Structures are given as C-alpha cells and as structure tokens.
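Contents: one structure, followed by commentary.
Number of protein chains: 2
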Amino acid sequence: MKSGDATIEVPAESSRAAEKGKAPLIAVTATPHENRKYKKGIAIFDFILRIGAIVCILAAAAAMGTSDETLPFFTQFFQFEASYDDLPTFQFFLIAMALSGAYLVLSLPFSIVTIIRPLAVAPRLLLLILDTVALTLTTAAGAAAAAIVYLAHNGNPNTNWLAICQQFGNFCQQVSGAVVACFVGVLIFVLLILLSALALKRH
Amino acid sequence: MKSGDATIEVPAESSRAAEKGKAPLIAVTATPHENRKYKKGIAIFDFILRIGAIVCILAAAAAMGTSDETLPFFTQFFQFEASYDDLPTFQFFLIAMALSGAYLVLSLPFSIVTIIRPLAVAPRLLLLILDTVALTLTTAAGAAAAAIVYLAHNGNPNTNWLAICQQFGNFCQQVSGAVVACFVGVLIFVLLILLSALALKRH
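Written as structure tokens, this is what we have:
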C-alpha cells in the first residue's frame with residue numbers, strides 16, 4: 001500500500017498479458033501459488049503410489065510365475081506336478097500382470113511430468129484414461145484367478161470338480177498369494193484414478 | 001491500436017477485478033457460454049450411457065438368474081439339473097449385478113443434476129469415484145464368471161475337471177450370454193469415467 005507505483009505497475013503488466021491470451025494460466029485461481037503447491041503434492045503422491053503398484057504387480061507376477069509343485073511320490077508312467085501353466089486362467093493372469101507392470105513403468109515419466117508441471121492437464125488426462133483401462137485388465141485377471149483358486153481350494157460337488165489343494169498345498173498357497181498381491185494393486189489403481197480426478201478439477 | 005485510450009482502460013479494469021480475486025470466473029475461458037454448452041452435451045451423453053448400462057446389467061442379471069436346465073433323463077434316486085446357484089461364482093455374479101444395477105439407478109438423479117448445472121464440480125467428482133468402484137465390482141464379477149464358464153465349456157484335463165457343457169448346453173449358453181452382457185456394461189462404465197474426466201478438466 002505504501003509503494004503505490006509498484007501496485008499499479010504489476011497489474012498493468014499482467015493485464016497486457018491477458019490481452020494476448022496468456023493470462024488464464026495465472027488467473028485461474030485467486031491463489032495460483034497455493035493451487036500449484038496442492039497439485040504438486042498430489043503429483044508426488046501419485047508417483048509414490050505408482051511405485052507401490054509396480055511392487056505389488058511384480059510380486060503377483062513373480063509368485064504366480066514360480067508356482068510349481070512336484071509331489072514326492074510317482075507311478076511308473078506318471079509324475080504328479082502342478083504348475084501355473086496347467087490352467088489357462090493362470091496364464092492369462094501372468095500375461096495381464098506383465099502388461100499392467102509394463103504400463104506402470106512406462107507411466108512413470110508422465111507422472112514425473114505432472115510433478116514438474118503441476119498445472120498441465122493433458123498428461124493427467126492421459127494417465128487417468130490409461131489407468132482406467134489398466135485397472136480393468138488387472139481386476140479381470142485377479143478375479144478370474146480368484147475364481148479358479150476358490151475352486152481349487154473347495155472344489156464343487158455339483159459339477160464333480162474336486163479340490164486339488166489337499167495334494168498341492170504349496171502351489172495353492174503361492175497362487176493365493178499372487179491373487180492377494182494383485183488385489184492390493186487394484187486398490188492402488190483405484191486410488192490413482194481418484195487422485196487424478198482430484199488434480200483435474202478446478203480448484 | 002488506433003484507440004489507445006480504450007486499450008488502456010479495459011485492461012486497467014480487468015486488472016482491478018483480478019486484484020479482488022473475482023476475475024478468474026470470467027477469465028478461465030474465452031467463451032464461457034460455449035464451455036457450458038460443451039459440458040451440458042457431455043452430461044446428456046452421460047445420462048444416455050447410464051441408461052444403456054442399466055439395460056446391459058439387468059439383462060446380465062436376468063440371463064444368469066433364469067439359467068436353469070433339467071436333463072430329460074433321470075435315475076431312480078437322482079435327477080440331473082444345473083442352475084446358477086450350483087456354482088458360488090455365479091451367485092457372486094448375480095449379487096454384483098444387483099448391486100451395480102442399483103447403483104446405476106441411484107446415480108441417475110446425480111446425472112440429471114450435472115445436466116441442469118453443467119459447471120458444478122462436486123456431483124461429477126462423486127460420480128467419477130463411485131463409477132470407478134462400480135467398474136471394479138462389475139469387472140471382477142464378469143471375469144470370475146468368465147473363468148468358470150470357460151472351464152465348463154473346455155474342462156481341464158490337468159486337474160481332472162470335466163466339461164459340463166456337453167450335457168447342459170442351454171445352461172452354458174445362457175450363462176455365456178450373461179457374461180457378454182456384463183462385459184458390455186464394463187465397456188460403458190469405462191466410457192462413463194472417460195466422459196467424467198473430460199467434463200472435469202478446465203476447458
């Protein structure tokens with residue numbers, strides 16, 4: 001208030017920028033600096049969550065991929081062995097985890113872009129859309145594997161499908177662990193979408 | 001450039017408004033009216049898609065709920081019958097479809113609110129978050145049922161689970177139809193989330 005000259009000078013300059021159509025970026029909120037900080041915080045949290053999701057998805061893929069159990073007894077012609085590639089659903093699970101993990105790694109640079117430029121809309125929108133697709137893929141793989149794991153544990157007397165987990169206990173445990181890790185990943189994906197939506201909305 | 005006075009006057013006024021923190025609402029877009037129209041269009045499309053999703057989900061629930069086949073031959077003690085409640089996964093499918101359908105019906109009023117007030121952010125954000133949760137539930141139910149349907153069609157020689165679709169052809173067809181309808185619903189959910197994200201972003 002004391003330096004009247006300065007207060008007139010600054011608005012005059014910003015208004016000239018507005019005439020050129022450049023002002024909106026600055027004029028969007030009453031406190032652009034706070035808004036920027038808030039969105040930067042969201043972007044950093046987004047980056048951390050993405051790394052957490054990568055860990056979960058890789059853990060799920062590793063647990064599923066190494067699941068393999070050979071029973072200690074065998075007949076003359078036959079050895080009893082269970083592995084993930086005995087069941088097509090578990091193969092699909094592994095492929096889906098690989099795709100989802102690859103997407104997450106490739107999305108990290110975009111997440112970094114949103115940290116550097118918190119007010120940019122395009123990368124966030126891209127991340128939100130691709131996250132939704134990846135969420136669908138991961139959920140589908142996890143749920144399908146869960147349905148088969150349930151069947152392996154409990155069997156189904158109505159269709160004469162017998163439980164195999166009495167014989168292949170370790171195999172079943174490892175596969176169940178993979179499904180749980182996958183669902184933790186799904187939870188993180190939902191959080192990521194929520195964060196992107198919060199960051200997209202006008203403040 | 002000719003009327004030097006005017007060009008100085010207008011920016012001076014807008015900059016004074018900016019100082020009071022009232023300018024942003026006007027300065028956000030060059031044409032607020034067009035932005036409003038654009039968002040209203042998205043909201044109407046959102047409403048139509050929601051009705052389409054309700055139809056798909058109800059069709060899936062109805063197809064699954066009425067799936068029931070009794071074979072024309074029977075023994076003295078036993079009648080061969082297949083119904084959705086013979087398999088826990090199909091029961092889960094039906095419950096998830098019921099929840100998802102109920103959510104979609106309850107979300108219609110919020111969708112109408114976004115048509116009436118296209119620039120309101122809160123209802124859109126609410127819809128986006130709940131849509132994401134409903135998408136996860138619907139995808140999980142559809143994928144789990146798909147895994148079991150695949151098993152019913154093809155069986156699995158490695159685990160001695162035999163295909164039952166040779167005997168219960170109609171039952172399998174009806175259940176497969178329910179899964180397809182569910183996945184169409186999933187596709188619509190992804191579109192809904194995409195639309196909400198587009199509507200949330202600053203124009």
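Protein sequence lines correspond, in order, to chains Z and X.
The opening position of the first sequence corresponds to residue 1 in full-length UniProt numbering, with each subsequent residue numbered one higher.
The opening position of the second sequence corresponds to residue 1 in full-length UniProt numbering, with each subsequent residue numbered one higher.
Glycine included, every Cβ here is placed at the ideal spot set by N, Cα and C.
This one's a predicted model, so the numbers in the text were calculated from it and none came from an experiment.
Thinking C-alpha only, which one of the options is nearest residue i?
i: Z:I51; options: Z:A143, Z:Y103 and Z:K40; result: Z:Y103
i: Z:S100; options: Z:T138, Z:L198 and Z:A146; result: Z:T138
i: X:A62; options: X:L195, X:S196 and X:V175; result: X:V175
i: Z:R117; options: Z:I48, Z:L195, Z:I42 and Z:I193; result: Z:I42
i: X:I57; options: X:K201, X:G142 and X:L125; result: X:G142
i: Z:F110; options: Z:D68, Z:A181, Z:F47 and Z:K40; result: Z:F47
i: Z:L106; options: Z:N35, Z:V121, Z:F90 and Z:L126; result: Z:L126
i: X:N170; options: X:V121, X:P157, X:R36 and X:E81; result: X:E81
To the nearest angstrom, how far is it from the Cα of residue i to the Cα of residue j?
i: X:T166; j: X:G65; result: The sequence shown places Gln at residue 166 of chain X, not Thr. So the alpha carbons of these two residues sit roughly 21 Å apart.
i: Z:H33; j: Z:L119; result: 11 Å
i: X:L151; j: X:A145; result: 10 Å
i: X:Y38; j: X:F93; result: 37 Å
i: Z:A178; j: Z:D86; result: 16 Å
i: Z:S83; j: X:T114; result: 51 Å
i: Z:Q173; j: X:E69; result: 35 Å
i: Z:L187; j: Z:S67; result: 24 Å
i: X:W161; j: Z:L162; result: 7 Å
i: X:A96; j: Z:F73; result: 43 Å
i: X:G185; j: X:R124; result: 20 Å
i: Z:V121; j: Z:I112; result: 13 Å
i: X:N154; j: Z:N156; result: 16 Å
i: Z:Q91; j: X:Q91; result: 25 Å
i: X:N35; j: X:I44; result: 14 Å
i: Z:N158; j: X:N158; result: 19 Å
i: Z:V55; j: X:V55; result: 38 Å
Is the beta carbon of residue i sitting closer than 9 Å to the one on residue j?
i: Z:L135; j: Z:V190; result: yes
i: Z:T132; j: X:I193; result: yes
i: Z:L71; j: Z:F168; result: yes
i: Z:K40; j: X:L200; result: no
i: Z:L49; j: Z:L195; result: yes
i: Z:A98; j: X:A140; result: no
Does the beta-carbon of residue i, which I'm using as the reference point, lie nearer than 8 Å to any heavy atom of the ligand NAD?
i: X:A60; result: Ligands in the displayed structure: none, and consequently the ligand NAD is not present.
Between residue i and residue j, how many whole angstroms is the CB-CB distance? I'm expecting something under 8 Å.
i: Z:A181; j: Z:A59; result: 4 Å
i: Z:T89; j: Z:I164; result: Not quite, the Cβ-Cβ distance comes to about 14 Å (not below 8 Å), so this is no contact.
Just by C-beta distance, which residues in the stretch 186–197 of chain Z are closer than 7 Å to chain X? V186, V190, I193, L194 and A197
For the stretch 130–152 of chain X, which residues have a CB atom closer than 8 Å to at least one CB atom of chain Z, in sequence order? T132, V133, L135, T136, T139, A140, A141, G142, A143, A144, A145, A146, A147, I148, Y150, L151 and A152
Check distances from the C-beta atoms of the stretch 155–175 of chain X to those of chain Z and list, in chain order, the residues that come in under 8 Å. N156, N158, T159, N160, W161, L162 and I164
What residues in the stretch 35–57 of chain X bring their beta carbon closer than 7 Å to a beta carbon of chain Z? none
Name the residues in the stretch 83–95 of chain X whose C-beta lies less than 8 Å from a C-beta of chain Z; which are they? D86, L87, P88 and T89
To be precise: take each residue of the stretch 98–130 of chain Z, compare its Cβ to all Cβ atoms of chain X, and keep it if any distance is under 7 Å. Which residues remain? V121, L125, L128 and I129
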